[in-house]
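Written out below as structure tokens is the structure these notes cover.
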Amino acid sequence: MAMSIEELDATVRGFYEGRGEQQKQAQATLNQFKENPDAWLMVDKILQDAQYPQTKYLGLQVLDNVIMTRWKVLPRDQCHGIRNFVVNFIIEQSSTEEKLRKERALLNKLNLVLVSILKQEWPHNWPTFINEIISSCRSSLPICENNMAILRLLSEEVFDFSAEQMTSTKTRQLKQSMCDEFTNIYNLCSEILRTADQASLIKATLETLLRFLNWIPLGFIFETPPTGTSLIETLRSRFLEVPEFRNITLKCLTEIGSLQTEHNWNDKLVQMFTDTLTTIASIIPLTLDLKTTYASSNSRDQEFVQNLALFLCNFFSNHLSIIENLPNKDFLLHGHFYLIRISQIDDREIFKICLEYWTKLVCELYDEMQQIPITEMNPLIGGAGMQNGGAINPQVLANYPLRKHKYTDVLSNLRQVMIEKMVRPEEVLIVENDEGEIVREFVKESDTIQLYKTTRECLVFLTHLDVVNTEQIMSEKLARQVDGTEWSWGNCNTLCWAIGSISGAMNEETEKRFLVTVIKDLLGLTEMKRGKDNKAVVASNIMYIVGQYPRFLKAHWKFLKTVVNKLFEFMHETHEGVQDMACDTFIKIANKCKRHFVIQQPGENEPFIDEIVKTMRKITCDLSPQQVHTFYEACGYMISAQGAKNTQERLIAELMSLPNSAWDQIIQSAHQDPSILHNSETIKVIGNIMKTNVAACSSIGPYFYPQIGRIYTDMLTMYRASSQLIDEAVQRDGNIATKMPKVRGLRTIKKEILKLITTYVEKADDLEMIHSTLVPHLLEAVLLDYKNNVPDAREAEVLAVITVLITKLQGMMTEQVPAILDNVFECTLDMINKDFSEYPEHRVEFFKLLRAINQRCFPALLKLDQTHFKLVIDSCMWASKHDNRAVEGEGLNMCIELVENMASHTDQQTCDAFFQNFFTTVLQDVFFVLTDSDHKAGFKYQSMLLARLFWLVGANKISGPIYQQGQAQAGTSNRDFLQNFVAELLSNAFPNLQAAQITNFIKQLFENTEDIAKFKVILRDFLIQLKEFSGDNAELFTEDREQDLQDAKERERDRMAKVGGLLKPMPTEPQLVIATCMRGVVRVEPRALIALERDQRSSHQGIAKRPKRMIALRTGEEVFDSQRSPRHIPCCRSQTIAMADLLAVCHSYHEIE
């Protein structure tokens, strides 16, 4: 439908300014207009005649799309026409200063369109572009200014964004062209910077130059041209001191300071640094209190401080050694003291910039210190200083020529900064909501958590560099807390978090002395402070600190026992938070010190675990069910450390005596009166009993069998009874019954039973016993029940437990696979084959089960009849078409493994029959998802599967034909058939592709099947050429980024393991810390975080496309809706904290000292 410009203007205006039906109609019309393949022919008239501004942007959007997707198929005269029109229109719009300012937004979009043309045309079809743009700069200053913007955008496209937008060959060509013609560009920029006086032009040139500096030849930067002034000197002398240009100038100098250079440029770098620092000193005196001044400065000055931090950090990171070697040490020290001042500013982003450099510096100083063979040079020094990775006394190293001696004052100041800037540990985060209420918020892998980890790492290295200074600073700060000169909740928390963060960095003797002093002072502070809130803050910090020092607790049993008894007392505190804190600290200590609880300590009548299980009812009587489960898990860790089998079984029986007693009573009552299972309270109790068993089993592991054996038969009977009651409710009330509280409670019982079995099987080591004793009764109880239930009442945990059994028992389960598939395969497939979103948990578990069968019980698949085997293949390919990454990954992986199994582990007849029936089916589906923009995230496995298929054919590993009768002439080789089949497939799907292009693509695939990295590059280049991939292609590179990230994490962990104190001493389970706010003490509940973010990530793009879709989580997990208003956390009520026992222990240690 042809539209006039006036009609198009009115339609666009209706879309942006209209409401309701008018807006919907306008949107439909505009979508139809953009989809019209000839719409771009109107762009010239739109840009010239349209009156409504947004109409012009629509025209440019249409034109840009044509350039990116159809440029190669347009006639050359049309390409020239588009190119000349865009250039002329840009010149017209930037011809005067007034137009340049007025049409800035439109010009920016036009410049982007021109760059899109350049990516298609330059240099082969437009070799004179650089000369033309440089020549046009001399026609007028406004045109020159806009040309600078075009050159900047071109540099960004070629050097910064090319990997995800252009093929690798095209990227190399453009980079080479830019380098070849840069001399003319540089001369233009240099002339403008020397002679221009128009501020906007100078700024545009500096911004363009900033984009060039990271790739141009170094001679342009450092050498002095015939004109007599180098680029660096021009930047420093002409622009650095001018307020209007100082920010962009300092960014340019930062970019230069970040370059990796040869030694012959060191003198130039030194001169740049010293001259720049001298100029900076005239702008910001070193004595200036930046922390105070920054808060009252304008945004331009604040940006300058941030840019100064970047300049210093980048220069020192790359060229610190040449500054360290200067005879005048003032520049080295002044530069670092500037960073100290900047680090003190209350701005998180600036602090993170500085922190990255500080951590790098102290790590290097530590590594140098470790290189000294101290024990060889002085054998008397040995053990004490180095014991358990603890920090060495700095006096030992005083006479060695270490770099750290140059930084003594800097590092001492840095320790003060790191302690004062320590953020909340990863266990807790307190925020203030929009209503001014203090609320709890748990964030996994948040910015604050990462900042804590980095700050902690820096402080650990600082402790190793000078443990005496660290201890002195912390002790002095603690003394000022005690005498009240620096007392505040925030200061107390920050100091205690810092003390907790250096656990493991001191040797044992130093750690004992320091820790006992700290706890003694904190306990004294508790006694001294008035007000229950003050006492609660100090008490929570004591619990936090002792929880961070398991080595100290292990070495001092009396102290450990006193701490645990004090935790038991806290478990009876009724006000919010203290019980959670006590339970979480208890499980951390139990896990790290478990061996100490099961041996009889000197002076004790029995192991402490015996005392705990005997008094368990008294200890846990005030805890909530969830807290009780945590307590049982903690005790399980202790019992798992008991090596004597009889003693261990006795402890398990005593630990489980309370839930077993309740269980026996319910089972006995149910035999007499089955109707008790209709009671909601009974259902709740049974659910809690099963959760308690799961908690204990998760920590006791394979030794939990006596308890499993005791309740197993009754447990499966309970499973059947619960299922029968659910079935009756569904028959009576319909599917809605599955959402009712009583039925949900019954389903929880079933889920927890299955979870218990899953947990035990995962940890078990007697596989024959599991196969002969547990499996038959389990399958009898769950399989038919699963098949007969309505879809909404089927538990995904059934699929999960079977997957675990097959994974664990492997070939032992082969005989059971047919019965398993008979009961779960088709009924589950019928639940999930209607769309890509319903029953998400069943989806993931279903494909995990199929993959496990293929991996562990492959012979069972070969016994399936043809219909069911085809369903398995179809299921694989159905999974690959999901936008849920977990499902897609399982499907593609299974397909890869199935192809490999068929090619390597079957007889020739079976292998030939499989590939003849399914090769082209699988190939078509792989190309479908490979070229579908919704499935870019699956590129890794798509490419692996495709490479395997091409390799099998190219290497003649398939003896029979991969085609069926009628698909090719008899006698056609598999290679020829595959080449023709793929060529036809691609040419039909993408008519814009040239035949030679497709032929070359297929040829390259065959040639590189054994080089998977190059195979992926070929695929990426091909996909980027397709019009469907004209948008964001970042996810094609996801695998590379994930692999790089994983490698970096492994390297980082190896590095941290070599430094005492860097690896945290405790698991990172959420720990409650009573944190502070302006309104009072608040509490944070642990263990509330459910990884909703994890499910969103695993669901890939499906979540973004279906924002209203619910993400099903397993029953038993509590979800805090991120859209719901956060709950207010009231301040703590009165609390009296008696810690005489702890205080006495501390005093006794001081007496020993």
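In the working numbering, the protein residues as written are 3 to 1155.
Backbone N, C-alpha and C fix where the C-beta goes; we use that ideal spot for every residue, glycine too.
- Here ARG103 is exposed: its Cβ has fewer than 16 other Cβ atoms, across all protein chains shown, within 10 Å.
- By the Cβ-count criterion, PRO743 is exposed, with fewer than 16 other Cβ atoms from all chains shown falling within 10 Å of its own Cβ.
- For GLN967, the beta-bridge partners assigned by DSSP are ALA970.
- Taking C-beta atoms as the reference points, LEU801 and GLU754 fail to come closer than 8 angstroms.
- Within the same chain, no residue comes within 7 angstroms of GLY486 by CB-CB distance, once the 5 residues on both sides are set aside.
- If you look at GLN262, you'll find it isn't in any alpha helix (DSSP H); DSSP assigns it neither H nor E.
- It is roughly 20 angstroms from the alpha-carbon of GLU797 to the alpha-carbon of THR715.
- Looking at the backbone, the Cα of VAL115 and that of ASP11 are separated by about 21 angstroms.
- DSSP places PHE930 in the uninterrupted alpha helix (DSSP H) bounded by 910-932.
- A Cβ-Cβ distance of about 6 angstroms is found for the pair PHE87 and ASP46, placing them in contact under the 8 angstroms criterion.
- The straight-line gap separating the alpha-carbon atoms of GLY891 and GLN981 is approximately 27 angstroms.
- About 7 angstroms separates the beta carbon of ASN148 from that of ILE92, a gap short enough to meet the 8 angstroms contact definition.
- Considering only GLY893, GLU986, PRO963, the residue with the shortest C-alpha distance to LYS942 is GLY893.
- VAL412 and LYS406 have their alpha carbons spaced roughly 10 angstroms apart.
- Taken atom to atom, the span from the alpha-carbon of VAL462 to that of ALA507 is near 6 angstroms.
- Going by beta carbons, ILE344 and GLN418 fall outside the 8 angstroms limit.
- Sequence-distant Cβ neighbours of VAL117 in its own chain, meaning closer than 8 angstroms and more than five residues away, are ILE152, LEU155, LEU156, GLU159.
- ILE834: member of the alpha helix (DSSP H) spanning 819-834, first to last residue.
- Secondary structure at LYS865: coil, using DSSP grouped into helix, strand and coil.
- Runs of the beta strand (DSSP E) spanning 3 or more residues and lying entirely within the stretch 84-134 do not occur at all.
- Under the three-state reduction of DSSP, PHE339 is assigned to helix.
- In this structure, ALA739 is the residue among ALA739, THR472, GLY61 with its C-alpha nearest to the C-alpha of VAL792.
- In this structure, the alpha-carbon of ASN903 lies about 11 angstroms from that of LEU863.
- Closest option to SER975, judged by alpha-carbon separation, among GLY962, ASP66, VAL1061, VAL565: GLY962.
- Annotation for THR457: LEU357, MET420, LYS423, MET424, VAL425 place their beta carbon closer than 7 angstroms to its own, counting only its chain and skipping 5 residues before and after.
- Take THR760, set aside five residues on each side of it, and the residues of its chain with a beta-carbon closer than 8 angstroms to its own are GLU799, ALA802, VAL803, VAL806, in chain order.
- Taking a C-beta distance under 8 angstroms as the contact criterion, ARG238 and THR210 do not qualify as a contact pair.
- Taken atom to atom, the span from the alpha-carbon of THR1001 to that of LEU925 is near 17 angstroms.
- By the Cβ test, the stretch 689-702 is in contact with the stretch 661-673, since at least three Cβ pairs between them sit closer than 8 angstroms.
- For the pair of segments examined, the stretch 483-502 was found to touch the stretch 531-541: the number of CB pairs separated by less than 8 angstroms reaches three.
- Here the alpha carbon of LEU748 sits roughly 15 angstroms from the alpha carbon of ASN737.
- Per DSSP, ASN737 lies in no alpha helix (DSSP H) segment and is marked neither H nor E.
- The stretch 252-260 and the stretch 306-316 touch, with no fewer than 3 CB-CB distances between them shorter than 8 angstroms.
- In its chain, beyond the 5 residues on either side, CYS81, GLN122 have a beta carbon closer than 7 angstroms to the beta carbon of TRP73.
- Cβ neighbours of ILE702 within its own chain (closer than 6 angstroms, five residues either side excluded): GLY638, ILE641, SER642.
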